[in-house]
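Residue numbers (this note's numbering), protein chains in the order written: chain C, 5 to 115; chain E, 6 to 114.
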């Protein structure tokens, strides 16, 4: 998985609780991305980062925030989890904002 | 608003046959078209990619055909094998990747 780890790999939480997912890379790639994958929707971009402390919104950013304080770490936070955020979350990295390498994913269930 | 439409949703092919997955896009500013392969429980992995100045790209048994005027591109898997059974995603990029909905391919032995 191109030097990308995601933690946790599985999480079950309750509606209304905050959740933070972590993406860690050892490749020193500039760009990092968070996607969610849902049946029938492919992968949809939530947020992305083009450098330390530089982030921007993607297609489905409502209810999510991100932070990148170090090149190697990109955090995704669900401020108050809802059942509609039950999904598989993938982190990806890219050197030049084209060819993206994906992590192993985090399966999140919000009850 | 689905900017990249992928079909079929699922596909069953006999071993040795040709698998064909199609994608259509709307935004003429897209300048990079990758295909990703995903096995269950794994993240997507880049399979092959093409730029709009090329009509075809081949890597082993995998070929992308690109029709700029029709705004369509397709993935052809020649001599399909059971190990090719996976979900395939097309995507298009104008700086950010927009993915198709995915095609689940099953290759029967």
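For glycine and all other residues, C-beta sits at the position ideal for the given N, C-alpha and C.
Residue from the options with nearest C-alpha to residue i
i: residue 77(C); options: 37(C), 84(C), 13(C) and 17(C); result: 37(C)
i: residue 115(C); options: 27(C), 40(C), 58(C) and 88(C); result: 88(C)
i: residue 74(E); options: 32(E), 12(E), 23(E) and 11(E); result: 32(E)
i: residue 83(C); options: 67(C), 72(C), 97(C) and 32(C); result: 67(C)
i: residue 29(E); options: 88(E), 83(E), 102(E) and 78(E); result: 78(E)
i: residue 112(C); options: 53(C), 71(C), 101(C) and 39(C); result: 39(C)
Short CB-CB distance (under 8 Å) between residue i and chain E
i: residue 79(C); result: no
i: residue 28(C); result: no
i: residue 112(C); result: no
Proximity below 8 Å, CB of residue i to CB of residue j
i: residue 81(C); j: residue 56(C); result: no
i: residue 110(C); j: residue 43(C); result: no
i: residue 113(E); j: residue 17(E); result: yes
i: residue 94(C); j: residue 47(C); result: yes
i: residue 87(E); j: residue 10(E); result: no
Within-8 Å CB hit, residue i to chain C
i: residue 102(E); result: yes
i: residue 57(E); result: no
i: residue 48(E); result: yes
i: residue 51(E); result: yes
Where residue i falls: helix, strand or coil (DSSP)
i: residue 104(C); result: coil
i: residue 88(E); result: helix
i: residue 60(E); result: coil
i: residue 8(E); result: coil
Task: Under 9 Å (Cβ pairs) to chain E, residues found in the stretch 99-110 of chain C - done: 101, 102, 103, 104, 105, 106, 107, 108 and 109
Open item on the list: Using a Cβ-Cβ cutoff of 7 Å, what residues of the stretch 68-101 of chain E are near chain C? List them in chain order.
Closed with: 94, 98, 100 and 101
- [ ] Check each residue of the stretch 9-32 of chain E: if its Cβ is closer than 7 Å to any Cβ of chain C, include it; give the result in chain order.
- [x] Within the stretch 9-32 of chain E, no residue places its CB atom closer than 7 Å to a CB of chain C.
Open item on the list: For the stretch 9-27 of chain C, list every residue whose C-beta sits within 7 Å of some C-beta in chain E, in sequence order.
Closed with: none
Open item on the list: Taking beta-carbon pairs under 8 Å, can you tell me which members of the stretch 44-62 of chain C lie near chain E?
Closed with: Per Cβ criterion, the list reads 44, 45, 46, 47, 48, 49, 52 and 62.
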